[in-house]
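K.L.:
Residue numbers (my numbering), protein chains in the order written: chain L, -2 to 178; chain Y, -6 to 588.
Sharing a structure here in C-alpha cells format.
Given below as C-alpha cells:
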C-alpha cells in the first residue's frame, strides 16, 4: 500500500488536498450551529449589572439606637431574564448606628457566599457555613476565620433627616480585594 | 416468524451482534465479584428512566421550579416514589462507583493495557458527581440554593477566569431563571450525553481486554456472560433496587425544603453527604488559601489518581497506589465524620436545622391548603404566612420591650428584662383576667415595667377589683367575656359562640356602678371621659393595626403612650408586616385540617 503511493507521487498529494478540503468543508458546515450556540451560551457575560443607584432601605428610627446591628431587606426592581419584579427583595444588609451616622454591611459572607448571621446575644457576626467570625463593625475578629476580608461595607446616606439609603452591591467571594459583581 | 427474523438478520446482522454481546467468554466462569460494573450500569439506567419522567413534569425557572417539584412530590401519582428513587439511586451510584473503583485498584485491573478504561471510569465518576451537584439545585429550595451558592462561589475563586466562569455557569451576575435553565441543561443534557459516551467506551474497552482474573480464578472452567453472569448481575441489580426502594419507603422520599429565598438566612446549608468532606476540608484553609484548598489540592489529588496506571508500572507502584487510595478513603471518612460531629455539637446549627424543618413543614401545609400556591409561587405563600413570619418580625421589632410567653418570639429568652406586657394570648379571656388580677397587673407580665404601673388602670384593679364582692366579681367575669369577644379571636370563636348570653349581659354590665369601665374607656356609644384606649373592637385585627400604626392616636393611648413607636405612621413597618405580626399574635393563620 505504502509502496504504491511512493511509486505514484501524485496520489498522496491529491489525498492531502482532499483531506484538507474535507476538513474545511466540514468545519464550514459546522461553524453556523457552533457559533450560534456559543453566542447564546456566552450571552450572560454581556448582561449588565443591576442598576447601582442608592436604594431607600428604611427609616432612621428603625435602626436600633443602642448601636446594635439589625437586618434589613433590600427591595428594589429587579430584572431576571424575562421576568421583571417590582420592588422585590434582592438581598439584605445589617444596619447599625455609628457615632457619625449609619453603617451598612452586606449580609453575604466574603468567604464563600453564605448568609452571615448575627449571634443571638448580638455580640458578633458568625457565618454558619465555615465559621467565619466578625465583630459588629464587620471586621474579622478570629484568627481561625477563613474569610479573606472583612464583611463588605456598603455606602450609606441619611437623606431628609430620617431616610436611610444604601448603595446595594454584591462582591466576589473568596478574595482579599472587594470586587463588585 | 422464523422467515421474518432471517430477513431481519440478513439486512442488519443483529444475530451476530447479539451473539457477541451475550456469549462473551468469561475465563474462570461467572462470579459474584464481577457484578459491580453491571449494577452501576443498572443504576444509570434507573436514573435515565426516572430522570425522563421527572423531566416531563419539571419546570426550570425561578418561579416554577420549586412549585413543579412540590407538585411532583405531593400531587402526582407516585410522584414521591419517583423522586425518591431518583434521589436515593444518585447516592447509591456514588457508593457503587467507589466500590467499583476500589475493586479495580485492588485487583490491579487499572494497569496496562487497561489505562484508558481506568480514565474512562474516572471520567464517569466526575460526571456523576457533576450530576449530583447540578441536581441538588434543581428543586430550588433553601438547602440546595445555599449549598450551590457556595459551590459556584468556589468556582469564581479560580484565578483569572473565575468570575467569567461563574457568570457563565449561573447565567448572569445573580442567581435566577438562567441559573436553573443552565443547570438543567447540564443535568439532563450535557452530563448524561457524556455518561452515555463514556459508558459505551468503557464497556467496549472492557470487552476488548476482558475481565481481570486472578491466578486462582483461572482454575475453574470458563463460562459465558449469558445467562450465568447475567443472572448474578440481575440479582445484584435487584438488590440495589430493593435497597433504594427501602430507603425511599423508610425515609418517606426525598426532602423538599422551603423555596429558595436570597434574603432569608439559611444557617443549615450543607452539601450532600458525599461532598461533606470537601466542605469540612475548606474550613481548614485560612484566609487567602481558599483556592489552594478548594481547587489546587483537590486537582493534584485527582491528577495523582489519574496517574495511577502509570505509577502502577513501577516495582512498588501498585502498593503505592493502594496506599494512596486507602489514605484518601480514610481521609474522606474522617473529614465526613468530623463535619457531622461538629454540626451535631454546634447548638447554633442544631437550632437552625430545627427552625428550617419547621418552615419546611409549614410550606407544605400552606401549599396543600385549599387556596393552593398563588401566582407569586411558594415564596409569596411563605412570605404572607403569619405563623412563620410573625415571630421573626416580632423578634426584630417588638421583643426589645415585649415578650410572648416570656421569650422573644423565636423561643429565646432575652437576657434583659421585659419593658412592656407579655403579648401571648393578647385579646383572650385569660389575658384580660390576668390584667384585671390585682396580684398581676403591676408585674412585668403586664404593666409592671411601664409608666402605667402606677396609672389609673393599675389603681382601679388594685383597689376597685380587689374590693369587689363575689357577685361583682361574677359580673366582672361577664364583662371580661364581653370585652374579649370584641377581639373575635379565631381560637376563641367556639367559646364566644357558646357564651352569647353571658356576653350580652357583660356588655350591659360594662358601665355598671362597681365595674364602670366606661368611666375611662369608650365602649360603643357609652363614654364619660375618653382616657384609656377604646374598648369597642379591643384586640381585633383592625384595632391592633390601628394601635401599631400610631399608639398616640386619641382612641388609643393619646398622650399617655409610654414608649411604643408609631410603626405605621413613622414608616418602620409596612402594612403587610404589621398585619403579619397582628395575625400571628391573634393566632390567626391557616391551619391544615387534622389528618
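Note that CB positions come from ideal geometry on N, CA and C, so glycine has one too.
1. Would residue 291 (chain Y) pass as a contact of residue 104 (chain Y) if the rule is Cβ separation under 8 angstroms?
2. So, are the CB atoms of residue 151 (chain L) and residue 103 (chain L) less than 8 angstroms apart?
3. Please state whether the Cβ-Cβ distance between residue 472 (chain Y) and residue 508 (chain Y) is less than 8 angstroms.
4. Hey, quick one: how far does the beta strand (DSSP E) through residue 91 (chain L) stretch, first residue to last?
5. Put residue 133 (chain Y) into one of helix, strand or coil per three-state DSSP.
6. Say whether the stretch 138 to 149 of chain L touches the stretch 90 to 108 of chain L, bearing in mind that this needs 3 or more beta-carbon pairs closer than 8 angstroms, one atom from each stretch.
7. Would you identify the three-state DSSP class for residue 128 (chain L), choosing helix, strand or coil?
8. For the beta strand (DSSP E) containing residue 162 (chain L), list its first residue and its last residue.
9. Can you grab the Cα-Cα spacing for the pair residue 350 (chain Y) / residue 250 (chain Y), in whole Å?
10. Residue range of the beta strand (DSSP E) that residue 155 (chain L) falls in?
11. Which residue's Cα is closest to the Cα of residue 153 (chain L): L:143, L:172 and L:93?
12. Comparing alpha-carbon positions, which option in L:37, L:119, L:16 and L:155 lies nearest residue 97 (chain L)?
13. Helix, strand or coil for residue 67 (chain Y), going by three-state DSSP, please let me know.
14. For the putative contact between residue 413 (chain Y) and residue 443 (chain Y), defined by C-beta atoms under 8 angstroms, what is the C-beta separation to the nearest angstrom?
15. What are the boundary residues of the alpha helix (DSSP H) that residue 560 (chain Y) is part of?
16. Helix, strand or coil: which one does DSSP assign to residue 77 (chain L)?
17. Where residue -1 (chain L) and residue 102 (chain Y) are concerned, what is the direct C-alpha to C-alpha distance, given to the nearest angstrom?
18. Please go through the same chain and pick out, in chain order, the residues whose beta-carbon is closer than 6 angstroms to the beta-carbon of residue 51 (chain Y), but skip the five residues on each side of it.
19. Using a Cβ-Cβ cut-off of 8 angstroms, state whether residue 143 (chain Y) counts as contacting chain L.
20. Starting from the N-terminal side, write out each stretch of the alpha helix (DSSP H) that is 4 residues or longer and does not extend beyond the stretch 31 to 115 of chain Y.
21. Between residue 313 (chain Y) and the rest of its own chain, which residues show a CB-CB distance below 7 angstroms, the 5 nearest in sequence each way excluded?
22. Could one say the Cβ of residue 42 (chain L) lies closer than 8 angstroms to chain Y's Cβ atoms, at least one of them?
23. Return the residue from the list Y:276, Y:0, Y:556 and Y:91 that minimises the CA-CA distance to residue 322 (chain Y).
24. Exposed or buried, what is residue 158 (chain L) when buried is set at 16 or more other beta-carbons lying within 10 Å of its beta-carbon?
25. Whether or not the stretch 41 to 57 of chain L and the stretch 176 to 196 of chain Y are in contact is what I'm after, with contact meaning three or more pairs of Cβ atoms, one per stretch, closer than 8 angstroms; do they touch?
26. If you measure beta-carbon to beta-carbon, which residues of the stretch 145 to 176 of chain L are closer than 7 angstroms to chain Y?
27. How close, in whole Å, do the beta carbons of residue 449 (chain Y) and residue 513 (chain Y) come, if the pair is a contact with beta carbons under 8 angstroms?
28. Please list the terminal residues of the continuous alpha helix (DSSP H) segment that includes residue 442 (chain Y).
29. Mind listing the chain L neighbours of residue 256 (chain Y)? Cutoff is C-beta to C-beta under 7 angstroms, in chain order.
30. So if I threshold CB-CB distances at 7 angstroms, which residues from the stretch 146 to 174 of chain Y count as touching chain L?
31. Applying the 10 Å Cβ sphere with the 16-neighbour rule, what's the burial state of residue 109 (chain L)?
32. Specify, as a first and last residue, the run of the beta strand (DSSP E) that residue 56 (chain L) falls within.
33. Give a yes or no on whether 8 angstroms exceeds the smallest Cβ distance from residue 131 (chain L) to chain Y.
34. Taking Cβ positions only, does residue 80 (chain L) come closer than 8 angstroms to chain Y?
35. With a threshold of 8 angstroms on Cβ separation, who are the neighbours of residue 319 (chain Y) within its own chain once the five nearest residues in sequence on each side are excluded?
36. Is it true that the stretch 390 to 408 of chain Y meets the stretch 370 to 377 of chain Y, where meeting means three or more beta-carbon pairs spaced less than 8 angstroms apart?
P.N.:
Result, derived from the coordinates:
1. Translated into the one-based positions of the second chain, residue 291 (chain Y) becomes position 298. Translated into the one-based positions of the second chain, residue 104 (chain Y) becomes position 111. No, Cβ-Cβ distance for residue 291 (chain Y) and residue 104 (chain Y) is not below 8 angstroms.
2. Mapped onto the first chain, residue 151 (chain L) falls at position 154. Mapped onto the first chain, residue 103 (chain L) falls at position 106. Yes, the pair counts as a contact, with Cβ atoms nearer than the cut-off.
3. Position 479 of the second chain, counted from the start, is the residue given in the question as residue 472 (chain Y). Position 515 of the second chain, counted from the start, is the residue given in the question as residue 508 (chain Y). Yes; because the gap between Cβ atoms is below 8 angstroms, this pair is in contact.
4. Taking the first chain and counting its residues from 1, one reaches residue 91 (chain L) at position 94. Element bounds for residue 91 (chain L): 80 to 95.
5. As a working mapping, residue 133 (chain Y) is identified with position 140 in the second chain. If DSSP states are grouped into helix, strand and coil, residue 133 (chain Y) belongs with coil.
6. yes
7. Position 131 of the first chain holds residue 128 (chain L). Residue state, collapsed to three classes: coil.
8. Here residue 162 (chain L) refers to the residue found at position 165 when the first chain is read from its first residue. 160 to 164 is the extent of the beta strand (DSSP E) around residue 162 (chain L).
9. If you number the second chain from 1, residue 350 (chain Y) lands on position 357. If you number the second chain from 1, residue 250 (chain Y) lands on position 257. One C-alpha to the other measures close to 8 angstroms.
10. As a working mapping, residue 155 (chain L) is identified with position 158 in the first chain. Per DSSP, residue 155 (chain L) belongs to the beta strand (DSSP E) from 150 to 156.
11. Here residue 153 (chain L) refers to the residue found at position 156 when the first chain is read from its first residue. Residue L:93 is the option with its Cα nearest to residue 153 (chain L).
12. Locating residue 97 (chain L) in the first chain gives position 100, where the first residue counts as 1. Nearest C-alpha to residue 97 (chain L): L:155.
13. Counting from one through the second chain, the residue named residue 67 (chain Y) turns up at place 74. Residue 67 (chain Y): helix per DSSP, three-state reduction.
14. For this step, residue 413 (chain Y) is matched to residue 420 along the second chain. For this step, residue 443 (chain Y) is matched to residue 450 along the second chain. At roughly 6 angstroms, the Cβ-Cβ gap stays under 8 angstroms, so residue 413 (chain Y) and residue 443 (chain Y) are in contact.
15. Start at 1 with the first residue of the second chain, and residue 560 (chain Y) comes out as number 567. Segment: none, residue 560 (chain Y) is in no alpha helix (DSSP H) and carries neither H nor E.
16. Residue mapping note: residue 77 (chain L) aligns to position 80 of the first chain, counting from 1. Strand, per DSSP.
17. Position 2 of the first chain holds residue -1 (chain L). Position 109 of the second chain holds residue 102 (chain Y). Low local confidence applies: a pLDDT of 47 at residue -1 (chain L) is under 50, so the model's placement there is unreliable, with the coordinate-based value given in what follows. Cα to Cα, residue -1 (chain L) sits roughly 38 angstroms from residue 102 (chain Y).
18. Within the second chain, the letter at position 58 stands for residue 51 (chain Y). Around residue 51 (chain Y): 61.
19. Numbered from its first residue, the second chain carries residue 143 (chain Y) at position 150. It does: the Cβ of residue 143 (chain Y) has a partner Cβ on chain L nearer than 8 angstroms.
20. 58 to 67 and 72 to 99
21. By 1-based counting over the second chain, the position of residue 313 (chain Y) is 320. Answer for residue 313 (chain Y): 304, listed in chain order.
22. The residue you call residue 42 (chain L) lines up with position 45 of the first chain. So yes, residue 42 (chain L) belongs to the interface.
23. Numbered from 1 along the second chain, position 329 holds the residue referred to as residue 322 (chain Y). Of the listed residues, the one whose Cα sits closest to residue 322 (chain Y) is Y:91.
24. Walking along the first chain from the start, residue 158 (chain L) turns up at place 161. So residue 158 (chain L) ends up on the exposed side.
25. no
26. 145, 169, 170, 171, 172 and 173
27. The count along the second chain starts at 1 and reaches residue 449 (chain Y) at position 456. The count along the second chain starts at 1 and reaches residue 513 (chain Y) at position 520. The pair is a contact, with the Cβ atoms about 6 angstroms apart (cut-off 8 angstroms).
28. In the second chain, residue 442 (chain Y) corresponds to position 449, counting from 1. Element bounds for residue 442 (chain Y): n/a, residue is neither H nor E.
29. Indexing the second chain from 1 puts residue 256 (chain Y) at position 263. What residue 256 (chain Y) touches in chain L: 70, 86, 88 and 89.
30. 146, 147, 149, 150, 156, 157, 160, 161, 164, 165, 166, 169, 170 and 171
31. If you number the first chain from 1, residue 109 (chain L) lands on position 112. Burial call: buried.
32. Start at 1 with the first residue of the first chain, and residue 56 (chain L) comes out as number 59. 52 to 56 is the extent of the beta strand (DSSP E) around residue 56 (chain L).
33. Locating residue 131 (chain L) in the first chain gives position 134, where the first residue counts as 1. No, because no Cβ of chain Y sits closer than 8 angstroms to the Cβ of residue 131 (chain L).
34. Here residue 80 (chain L) is taken as the residue at index 83 of the first chain, counted from 1. Closer than 8 angstroms to some Cβ of chain Y, the Cβ of residue 80 (chain L) qualifies, so yes.
35. The residue given as residue 319 (chain Y) occupies position 326 in the second chain. Excluding residues within five positions, none has a Cβ falling inside 8 angstroms.
36. no
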